[in-house]
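Residue numbers (this note's numbering), protein chains in the order written: chain A, 1 to 283; chain B, 284 to 620; chain C, 621 to 935. Backbone N, C-alpha and C fix where the C-beta goes; we use that ideal spot for every residue, glycine too. For reference, the structure is listed below as structure tokens.
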Amino acid sequence: MAELTLRRSRMPRPAITVATAVLVSAAAAGLLAPVLWPLDQSAVDLAQTRLAPSWAHPAGTDDLGRDVAHRTVYGLRVSLLVGAVAALVATIIGGIVGGIAGTLGGPVDRILMRIVDTVAALPHLLLGIFIVAMLRPGLGAVVLSVGLTHWLSTARIVRSELLSLRTRPFIDAAISGGAGRLRVLTRHLLPHVLPKLALATTLMVPHAVWHETALSFLGLGLPPHLASLGNMINDGQGSLLTGAWWPSLMPGLVIVIVTLALATVVARWRDRLDPRVRAELQL
Amino acid sequence: MTPTATARRRRRGIAGAGAVVRRRLLVAVPVLIATSIGMFLLGAASPIDPAKQYAGAAAFTATEENLDQIRANWGVDDPLPVQYVRWVGNLLRGDLGWSTSRHEPVTAVLGARAGWTLLLVSAALALVLVTSLVLGTLAAYRRGGLFDRGLRAAAYAVEAMPVFWLGLAAIAVFALTLGWLPAGGLTGVTATTTTAADVAWHLILPVGVLAISQAPWFVLFVRDSVAESLRDDHVLAARARGLPGRTVLFGHAMRTALLPFLTLIGTHLPELVGGAVLVETVFSLPGLGAVTVQAALGSDFPLLAAITLVTTAVVLTANLLTDLAYAAADPRVRLDG
Amino acid sequence: MTTTVRTSSLLAISDLTVRFRLPDATVHAVTGIDVTVAPGELLAVVGESGCGKSVLAHALLGLLPANAAVTGTALLHGDGAPIDLLTADDKILARSVRGRRIGLVPQSPATALTPVRTGRRLLEETLRAHGRPRAEADTVAAGVGLTPADLDLYPHELSGGMAQRLATALALAPDPPLLLADEPTSGLDRPLVDATLDVLRQRCDNGAAVILITHDLAAAQRVADSVAVMYASRIVEHRPAAGFFAGPRHPYAHALLDALPDRAFAPIPGHPPMLTALPAGCAFAPRCPHAADDCGIQPGLHPDVACHHPIGDRP
């Protein structure tokens with residue numbers, strides 16, 4: 001999916017405040033939705049299909065008479081959860097590959113990085129579709145599809161971080177002081193790598209959401225009855241041709257706003273990182 | 284240039300191009316093999332029975348012997364390595380297999396569909412390159428101005444929009460509300476023949492949407508690198524020599540600023556392919572995107588694997604070409620390095 | 621060496637000041653410079669690197685980045701009315717001043733040559749832009765000691781010295797009446813340094829003017845008619861070369877000369893101040909052996925040295 005390239009940007013302070021507020025309220029709405037606005041996922045009201053936006057239904061109703069605004073909150077919740085889990089899977093895969101390349105170095109590193117470079121050249125939506133198709137569409141397939149196609153940047157970050165740490169004197173000191181390989185790794189290397197890993201995971205969330213949304217839009221993602229942002233836009237495609245433009249509007253807007261907010265906040269963090277890592281963290 | 288220097292350089296260039304090709308292949312071939320093994324294993328692990336799939340609706344009435352017969356014909360009960368080698372051997376001989384979702388040979392599907400996708404992708408890419416070069420350079424030239432700030436804001440906003448959502452919005456506005464352009468398909472509903480003008484008319488929205496969704500990344504790249512290069516020593520030196528503004532911009536600033544652009548086009552192609560699949564779905568175009576989705580829903584391994592592998596091979600080839608173009612455009616890159 | 625005082629001036633700079641606005645600081649790059657250059661004069665602007673010398677050259681050509689604030693005047697005389705280089709429209713500068721009337725030999729030629737063009741392409745392009753036949757490329761190159769074969773190389777194939785000479789040839793190609801040479805001898809070995817300096821000297825003897833920006837006092841001594849010493853964005857001493865080298869009056873100029881290998885070879889203690897944090901008074905005071913209480917007040921340049929206690933004045 002598109003890369004958000006807020007490169008070398010000096011984000012003005014108000015923009016960051018607004019973006020943070022948006023993210024916090026999006027996360028809160030997603031987390032608290034079942035408490036605040038309980039929703040029966042399968043509720044259908046055929047008397048109220050395709051109503052235009054009004055006070056009662058601020059974003060209108062869909063083909064089955066369900067309130068779009070209400071479902072969008074749940075879609076956000078589902079998409080964020082799936083995105084977070086998938087980003088975590090991608091980070092774990094990338095962390096393992098980058099960890100091996102960075103600690104072993106030498107020919108292993110060269111081979112692994114060549115593979116990373118070339119896999120980056122593969123059309124990952126197609127790969128993702130293939131993975132989902134072979135595993136049968138569903139939650140697990142989506143998570144695995146994202147994980148298997150989005151681990152590259154994490155691998156690069158972890159690897160370059162480890163390689164640069166290896167040359168630092170305190171690592172030499174620890175090794176010559178008799179510390180075992182594992183101890184050096186857990187005590188000295190991990191604390192330095194973890195913050196960047198956390199940032200990489202956060203950055204991966206919108207990518208994962210995008211990937212999930214695209215798969216769901218194609219009908220290859222989450223089960224159709226589940227309110228996810230991609231499913232809702234897909235459903236809306238049908239009503240669009242009958243003249244109802246609103247069912248796709250709000251879920252799409254939510255994706256746009258949340259992605260922009262995340263990009264803004266992350267750009268701020270990234271400005272403080274060293275340029276080598278920054279280059280990898282292009283959202 | 285003296286003839287000897289030219290000839291020496293050309294000889295070195297040709298010999299070096301061979302080296303670049305060899306080096307790229309050295310990576311690309313193993314990656315293709317690894318991808319094919321990965322896909323094959325996934326296909327083998329898939330819970331879907333290819334025999335039942337092949338039989339389609341007939342599977343419900345077919346006897347167990349019939350299904351066994353199909354399995355034996357296909358050798359699906361052979362050990363996996365044997366099956367893999369047979370599959371790859373067939374692929375290399377040009378036999379891409381039988382599409383279970385479309386009930387025709389995979390090569391026939393690719394032959395009928397690939398052209399439309401290629402047309403969509405290349406038209407969008409051409410449009411993106413031209414507009415991003417023009418807009419990015421204009422913004423860089425008036426850096427910090429109203430146009431620059433507006434363009435960047437628009438680019439960030441568009442970058443956050445999923446391409447399929449953008450496509451739906453375009454249909455809602457330009458096809459349904461304004462009625463200017465068709466909402467989908469390749470030809471008019473009443474058309475009996477396919478004319479180039481009709482197809483072009485139907486491709487305006489899809490190509491435009493795909494181009495716009497990909498443009499921000501290119502626009503921002505051009506803008507940043509041209510803006511940066513306008514402060515480069517060699518550009519200042521060219522201005523100090525009193526060269527005309529156009530010569531400074533095209534001959535000195537853009538020549539060096541856009542060299543990395545070449546390789547980045549190559550690395551950005553996968554994005555474009557993914558975008559094309561989604562755009563084809565939104566606009567109901569008869570390209571590879573629609574059959575990919577159909578194949579995925581039907582777990583059609585031969586077709587999906589072929590599409591993924593062929594696309595991968597095309598992207599890798601395009602990367603190789605941009606590498607060669609870069610080496611040809613920048614005398615500092617030693618091709619034999 | 622000519623030391624005659626000329627009355628007509630080619631370039632008259634008065635009160636030139638350049639400031640760069642950074643997000644968290646202001647760089648005092650050039651402060652209150654008053655200099656005139658006459659036709660046939662070779663003015664050497666000397667000082668340690670980072671004292672603002674190169675900014676001066678870029679300011680005169682209107683090549684400073686957008687965050688630079690320039691004040692003062694710099695009148696370029698010629699046929700017709702004089703042009704104020706600091707306020708002139710960029711179009712006028714581009715069309716009739718840069719290259720044609722003021723040439724620039726840029727600092728660090730390795731990065732100043734467009735990497736994807738051969739020397740010949742660059743030189744022919746410059747000749748054509750100024751209405752001269754492209755065939756003159758070989759002649760111009762020969763003037764700085766480059767062979768026609770050298771011109772067919774790409775910048776990365778040139779040695780440092782060849783790149784430097786190519787950069788000089790590019791500046792000389794339009795035959796400008798005023799040449800700004802920014803460290804034109806860095807990276808050259810001694811015979812080449814002397815050859816390059818002789819090229820500049822010869823231009824002056826033929827009536828053109830040269831501002832030689834350098835940290836190499838020996839080079840200045842070899843060819844300059846007058847010397848302006850810059851320290852921390854200001855000119856601290858500006859005198860005819862003969863008198864200057866015989867007896868510098870500013871303590872900094874004195875220390876600079878003493879640092880030469882063939883003199884005392886004594887380095888100046890301390891470091892030059894940051895241009896973002898200049899002291900209120902004389903910027904050299906913290907390193908000056910003659911500093912006194914009144915050095916806390918900025919000394920003016922009168923008549924030719926900016927110092928409260930110039931050498932030779934003390935009892």
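Residue i versus the options, residue with shortest Cα-Cα distance
{"i": "glycine 660(C)", "options": "Thr637(C), Ser628(C), Ala645(C)", "result": "Ser628(C)"}
{"i": "alanine 789(C)", "options": "Asp802(C), Val764(C), Val675(C)", "result": "Val764(C)"}
{"i": "glutamine 727(C)", "options": "Tyr851(C), Ser806(C), Ala866(C)", "result": "Ser806(C)"}
{"i": "isoleucine 129(A)", "options": "Ala579(B), Ile487(B), Thr390(B)", "result": "Ala579(B)"}
{"i": "alanine 397(B)", "options": "Asn602(B), Ile590(B), Thr600(B), Leu604(B)", "result": "Ile590(B)"}
{"i": "threonine 637(C)", "options": "Gly670(C), Ala694(C), Ala645(C), Leu630(C)", "result": "Ala694(C)"}
{"i": "valine 500(B)", "options": "Gly394(B), Ala612(B), Met444(B), Leu325(B)", "result": "The sequence given here places tryptophan at residue 500(B); valine does not occur at that position. Selected option, being the one with the closest Cα: Met444(B)."}
{"i": "arginine 639(C)", "options": "Ile703(C), Asn687(C), Gly863(C), Gly700(C)", "result": "Asn687(C)"}
{"i": "histidine 150(A)", "options": "Ile92(A), Ala28(A), Gly106(A), Leu190(A)", "result": "Ile92(A)"}
Secondary structure of residue i, DSSP reduced to three states
{"i": "serine 846(C)", "result": "strand"}
{"i": "tryptophan 245(A)", "result": "coil"}
{"i": "valine 764(C)", "result": "coil"}
{"i": "glycine 723(C)", "result": "strand"}
{"i": "alanine 689(C)", "result": "strand"}
{"i": "glycine 652(C)", "result": "strand"}
{"i": "serine 806(C)", "result": "coil"}
{"i": "tryptophan 399(B)", "result": "helix"}
{"i": "arginine 740(C)", "result": "helix"}
{"i": "alanine 300(B)", "result": "helix"}
{"i": "tyrosine 367(B)", "result": "helix"}
{"i": "proline 640(B)", "result": "With chain B represented from 284 up to 620, any question about residue 640(B) goes unanswered, as that position is not in the structure."}
{"i": "isoleucine 454(B)", "result": "helix"}
{"i": "tyrosine 947(C)", "result": "No answer is possible for residue 947(C): it lies beyond the span of chain C, which begins at 621 and ends at 935."}
{"i": "tryptophan 381(B)", "result": "strand"}
{"i": "isoleucine 115(A)", "result": "helix"}
{"i": "arginine 821(C)", "result": "helix"}
{"i": "alanine 912(C)", "result": "coil"}
{"i": "alanine 155(A)", "result": "helix"}
Distance CB(residue i)-CB(residue j) smaller than 8 Å
{"i": "leucine 203(A)", "j": "valine 254(A)", "result": "no"}
{"i": "leucine 526(B)", "j": "threonine 816(C)", "result": "no"}
{"i": "leucine 227(A)", "j": "valine 143(A)", "result": "Residue 227(A) is actually alanine in this sequence, not leucine. Result no, Cβ atoms of alanine 227(A) and valine 143(A) do not sit closer than 8 Å."}
{"i": "alanine 838(C)", "j": "leucine 880(C)", "result": "yes"}
{"i": "valine 925(C)", "j": "histidine 874(C)", "result": "no"}
{"i": "leucine 488(B)", "j": "serine 248(A)", "result": "no"}
{"i": "glycine 75(A)", "j": "methionine 232(A)", "result": "yes"}
{"i": "threonine 530(B)", "j": "alanine 749(C)", "result": "yes"}
{"i": "arginine 718(C)", "j": "arginine 524(B)", "result": "yes"}
{"i": "threonine 646(C)", "j": "threonine 896(C)", "result": "yes"}
{"i": "valine 108(A)", "j": "valine 146(A)", "result": "no"}
{"i": "leucine 262(A)", "j": "proline 206(A)", "result": "yes"}
{"i": "threonine 201(A)", "j": "alanine 19(A)", "result": "no"}
Whole-angstrom C-beta distance between residue j and residue i, which should lie under 8 Å
{"i": "proline 893(C)", "j": "alanine 848(C)", "result": "About 19 Å; that fails the 8 Å criterion."}
{"i": "serine 216(A)", "j": "glycine 230(A)", "result": "3 Å"}
{"i": "leucine 218(A)", "j": "threonine 383(B)", "result": "No, leucine 218(A) and threonine 383(B) are not in contact; Cβ-Cβ is about 19 Å, not under 8 Å."}
{"i": "glycine 99(A)", "j": "valine 158(A)", "result": "6 Å"}
{"i": "proline 685(C)", "j": "arginine 432(B)", "result": "The Cβ separation is near 18 Å, so there is no contact."}
{"i": "valine 593(B)", "j": "leucine 393(B)", "result": "7 Å"}
{"i": "serine 846(C)", "j": "alanine 866(C)", "result": "Not quite, the Cβ-Cβ distance comes to about 14 Å (not below 8 Å), so this is no contact."}
{"i": "leucine 798(C)", "j": "arginine 721(C)", "result": "7 Å"}
{"i": "alanine 114(A)", "j": "valine 310(B)", "result": "One detail in the question is off: residue 114(A) reads as arginine in this sequence, not alanine. Indeed, because the Cβ distance is near 5 Å, the residues count as touching under 8 Å."}
{"i": "valine 502(B)", "j": "glycine 419(B)", "result": "5 Å"}
Residue i - partner residues in DSSP beta bridges
{"i": "glycine 860(C)", "result": "Correcting the residue identity first, residue 860(C) is proline in this sequence and not glycine. DSSP lists Ser846(C) as partners of proline 860(C)."}
{"i": "valine 638(C)", "result": "Val650(C), Val690(C)"}
{"i": "serine 629(C)", "result": "Answer is none; serine 629(C) lacks a bridge partner."}
{"i": "isoleucine 855(C)", "result": "Met850(C)"}
{"i": "alanine 664(C)", "result": "Leu832(C), Val847(C)"}
{"i": "threonine 61(A)", "result": "Asp67(A)"}
{"i": "isoleucine 703(C)", "result": "Leu696(C)"}
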